[in-house]
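Trainee:
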Amino acid sequence: MSELLRLIVVCLLMVVFLRRNFNLGLVMITAAAIFGVSFGMGPASLGAIALKSATSPDTLDLIVALVLISFLEHAMRRAGLMQRMVGALNALISDRRIIMAALPAFLGLLPSAGGARFSAPLVHQVTAGLEIAPERKAFINYWYRHIWECVMPIYPSVIVAGQVLGLPLDRLIMAMLPMVPVTIIAGIVPAFKGMTHGGAVQAAPAALELPAAPMPQPAPAVSAASTIPGALGESAKQGIAPVAPVIPAGEATRTAGTVETASGDEAPRSGGVKGSGKSKVVYMVKGKVMVEGKVARMGEDRIGKMACLFDALAALGPIIAIVAGVTVLKLDIAVAVAAVFMVMIVVGRYPAGEVWSLVREAFSLNVVFLVFGVMLFRDILVSSGALNQISAFLGATGVPPLFLLFILPFLVAFSTGLGVTVPGIAFPLIMGILNTPGGINLSLAAFAFVSGFVGAMLSPAHLCLVLTVDYFKASFAEVQNSLWAPAIAVELAALVLAFL
Numbered sequence: 109m110s111e112l113l114r115l116i117v118v119c120l121l122m123v124v125f126l127r128r129n130f131n132l133g134l135v136m137i138t139a140a141a142i143f144g145v146s147f148g149m150g151p152a153s154l155g156a157i158a159l160k161s162a163t164s165p166d167t168l169d170l171i172v173a174l175v176l177i178s179f180l181e182h183a184m185r186r187a188g189l190m191q192r193m194v195g196a197l198n199a200l201i202s203d204r205r206i207i208m209a210a211l212p213a214f215l216g217l218l219p220s221a222g223g224a225r226f227s228a229p230l231v232h233q234v235t236a237g238l239e240i241a242p243e244r245k246a247f248i249n250y251w252y253r254h255i256w257e258c259v260m261p262i263y264p265s266v267i268v269a270g271q272v273l274g275l276p277l278d279r280l281i282m283a284m285l286p287m288v289p290v291t292i293i294a295g296i297v298p299a300f301k302g303m304t305h306g307g308a309v310q311a312a313p314a315a316l317e318l319p320a321a322p323m324p325q326p327a328p329a330v331s332a333a334s335t336i337p338g339a340l341g342e343s344a345k346q347g348i349a350p351v352a353p354v355i356p357a358g359e360a361t362r363t364a365g366t367v368e369t370a371s372g373d374e375a376p377r378s379g380g381v382k383g384s385g386k387s388k389v390v391y392m393v394k395g396k397v398m399v400e401g402k403v404a405r406m407g408e409d410r411i412g413k414m415a416c417l418f419d420a421l422a423a424l425g426p427i428i429a430i431v432a433g434v435t436v437l438k439l440d441i442a443v444a445v446a447a448v449f450m451v452m453i454v455v456g457r458y459p460a461g462e463v464w465s466l467v468r469e470a471f472s473l474n475v476v477f478l479v480f481g482v483m484l485f486r487d488i489l490v491s492s493g494a495l496n497q498i499s500a501f502l503g504a505t506g507v508p509p510l511f512l513l514f515i516l517p518f519l520v521a522f523s524t525g526l527g528v529t530v531p532g533i534a535f536p537l538i539m540g541i542l543n544t545p546g547g548i549n550l551s552l553a554a555f556a557f558v559s560g561f562v563g564a565m566l567s568p569a570h571l572c573l574v575l576t577v578d579y580f581k582a583s584f585a586e587v588q589n590s591l592w593a594p595a596i597a598v599e600l601a602a603l604v605l606a607f608l
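The opening residue of the sequence shown carries number 109 in my numbering; numbering runs sequentially from there.
#1: Identify whether Asn129 lies in helix, strand or coil by the three-state DSSP scheme.
#2: Taking the alpha carbon of Ala241 as the reference point, which residue from Leu159, Val268, Phe300, Ile533 has its own alpha carbon closest?
#3: Report yes or no: do three or more beta-carbon pairs, one from the segment 559-573 and one from the segment 513-524, lie closer than 8 Å?
#4: What residue from Cys572, Ile515, Val451 has the CA that sits closest to Val558's CA?
#5: Find out if the Cβ-Cβ distance for the pair Ala597, Ala236 is shorter than 8 Å.
#6: Please state the DSSP three-state secondary structure of Ile281.
#7: What did DSSP end up calling Thr544 once you bin it into helix, strand or coil?
#8: Using a Cβ distance threshold of 8 Å, determine whether the segment 541-550 contacts the segment 574-591, with at least three qualifying pairs required.
#9: What distance in whole Å lies between the Cβ atoms of Arg225 and Ile177, which are believed to be in contact at a cut-off of 8 Å?
#10: Hey, is the segment 119-136 in contact with the segment 439-452, meaning 3+ C-beta pairs nearer than 8 Å?
#11: Around the Cβ of Phe125, are there at least 16 other Cβ atoms within 10 angstroms (buried) or fewer (exposed)?
#12: Within 10 Å of its beta-carbon, does Val175 have 16 or more other beta-carbons around it, so buried, or fewer, so exposed?
#13: Going along the chain, which residues of its own chain have a beta-carbon closer than 7 Å to the beta-carbon of Thr69, five neighbours each way excluded?
#14: Tell me the rounded alpha-carbon separation between Val604 and Ala141.
#15: Provide the residue span of the alpha helix (DSSP H) that contains Trp251, from first to last.
#16: Apart from the five residues on each side of it in sequence, which residues of its chain come closer than 8 Å, Cβ to Cβ, to Val288?
#17: Taking only the alpha-carbon atoms, compute the straight-line gap between Ala595 and Met539 and give it to the nearest angstrom.
#18: Is it buried or exposed for Glu111, if we count other Cβ within 10 angstroms and need 16 for buried?
#19: Ends of the alpha helix (DSSP H) at Ala156?
#20: Taking all protein chains shown into account, do 16 or more other C-beta atoms lie within 10 angstroms of the C-beta of Thr505, making it buried, or fewer, making it exposed?
#21: When DSSP labels each residue in this structure, what does Asn589 get in the three-state scheme?
#22: Can you say whether Ile296 is buried or exposed, counting buried as having 16 or more other CB atoms within 10 angstroms of its CB?
#23: Mapping the DSSP letters down to three states, classify Ser202 as helix, strand or coil.
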């Protein structure tokens, strides 16, 4: 009982200090030290665990991956790929809210700790120029990054759950598959309440952030349409987003260049084609392709949208390559990011001085400090043996079995911020409840797994949460408050599904 009380007190202290916007890394390190001392650990023991945490392969690999992700983000931003991607996606998808949710969901396919830090810059770019609070941006990024948590067969938590339960992954995943649409729907209200169909989009090109220091590029081939001040300026004033110059006939060759916005500034163009025919300026208006102010004919519409699609894929190229490297080639996330970053440097012909400038700008000691704090808290929690003692105590109290299926996975995940600890620590203690004469009760196993997922999503020790809050400079209290309603909705849905 005393172990449970000590854990609750430490978790409450973490929440209180994080809500008061204390440094995230410092809070985690302090909480770890307090917890260790409360379990009788002296300075020597704490120092040994701290040294082990700081030098463990998991910690170093995570720090390297996050630092490299920051480098890649800055390289993509300087090359104009972020702006190019958003411009093309805006032209293809009229509802900005779908883009906001889809980008972190796409990167959620990567089973990497702290992966929300990878998608945060994309959400930031999509919401550039919109009056959206940092806390809402943080929620969108964090929540939709984790919609696949219960069903991705490459996620460690799913793999370990299958091993502990002795079940084929396909059966376990099918039992939890309904949780994907449930999680998506549960996040809609806190993410998009009051947001218009277009996400309150202002003149898209003018609203996008421009690269701080564009890298030298070869002189672009610019078609006549890309420099018509009247056409583009007037259209931007009306909130019409330019897509690309389109040629109905002739050789189709990709070009790069700039377009003039209503403010007279230059912004990266989504891309285009040129040929021997006369250029025409193409716009997207309420999901329809417009050519010279008129709804495009079938051929022009198809060419314009294809140009935007290719542009979006090209801009997302580095990210797609990383996802493929991790999921298909089974590369470590740090190796995949490093390889893509080096290719960008070589292909972009970055001078050594610019590379060094980019590295200095992107490196954040705060991220290193934060990762160390989270990993130290996890290691001290595991070394203390508290979780096993708490689980054994709850199992012996005679509480209702259904409550145990909820509280044990929830507490383990909430304490560590790691979903993978649930099948490893909590599941062995609830196997007696899950076992039936006909084998493992899949519905109850899914309910227990989802309870762990909910606990991890609410945990102040969840690395994705603290990294997201740190990136957007959001209020931890407001972000965590926004998580409770959708988390409860997901838990209740899992409970209902367990009895269907």
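Yeah, the Cβ is synthetic: ideal placement off N, Cα and C, and Gly gets one too.
Mentor: Reading it off the structure:
#1: For the purposes of this step, residue 129 is identified with residue 21 of the sequence shown, where counting begins at 1. The answer is coil: DSSP assigns Asn129 none of H, G, I, E or B.
#2: In the sequence shown, counting from the first residue as 1, residue 241 sits at position 133. The shortest C-alpha separation from Ala241 is found at Phe300.
#3: Yes: at least three Cβ pairs fall under 8 Å.
#4: Working through the sequence shown from its first residue, we reach residue 558 at position 450. Closest option to Val558, Cα to Cα, is Ile515.
#5: For the purposes of this step, residue 597 is taken as residue 489 along the sequence shown, with counting starting at 1. For the purposes of this step, residue 236 is taken as residue 128 along the sequence shown, with counting starting at 1. No, the pair does not count as a contact, with Cβ atoms beyond the cut-off.
#6: Taking the sequence shown and counting its residues from 1, the one referred to as residue 281 is at position 173. Ile281: helix per DSSP, three-state reduction.
#7: Numbered from its first residue, the sequence shown carries residue 544 at position 436. DSSP places Thr544 in strand when its eight states are reduced to three.
#8: no
#9: The count along the sequence shown starts at 1 and reaches residue 177 at position 69. The count along the sequence shown starts at 1 and reaches residue 225 at position 117. The pair is a contact, with the Cβ atoms about 6 Å apart (cut-off 8 Å).
#10: no
#11: Looking up residue 125 in the sequence shown gives position 17. The residue is buried, with at least 16 neighbouring Cβ atoms inside 10 Å.
#12: As a position in the sequence shown, residue 175 is number 67, starting the count at 1. Buried, because 16 or more other Cβ atoms sit within 10 Å of the Cβ of Val175.
#13: Here the chain covers residues 109 to 608 and nothing more, so residue 69 does not appear.
#14: Translated into positions along the sequence shown, residue 604 becomes position 496. Translated into positions along the sequence shown, residue 141 becomes position 33. If I take the Cα positions, the gap works out to 40 Å.
#15: Here the question's residue 251 lines up with position 143 in the sequence shown. Note, Trp251: alpha helix (DSSP H), 242-253.
#16: Residue numbering aside, residue 288 sits at position 180 when the sequence shown is read from its first letter. Counting only residues of its own chain and dropping the five nearest sequence neighbours on each side, Val288 has a CB closer than 8 Å to the CB of Ile255, Trp256, Cys258, Val259.
#17: In the sequence shown, residue 595 corresponds to position 487, counting from 1. In the sequence shown, residue 539 corresponds to position 431, counting from 1. Near 25 Å, if we compare the C-alpha coordinates of Met539 and Ala595.
#18: Taking the sequence shown and counting its residues from 1, one reaches residue 111 at position 3. Per the 10 Å Cβ criterion, buried.
#19: Here residue 156 refers to the residue found at position 48 when the sequence shown is read from its first residue. Here the alpha helix (DSSP H) through Ala156 covers 151-163.
#20: Working through the sequence shown from its first residue, we reach residue 505 at position 397. Flag for Thr505 reads exposed.
#21: Sequence index remark: in the sequence shown, residue 589 carries index 481 (1-based). The answer is helix: DSSP assigns Asn589 an H, G or I state.
#22: As a working note, residue 296 is residue 188 in the sequence shown. When all chains shown are included, Ile296 counts as exposed.
#23: In the sequence shown, residue 202 corresponds to position 94, counting from 1. DSSP places Ser202 in coil when its eight states are reduced to three.
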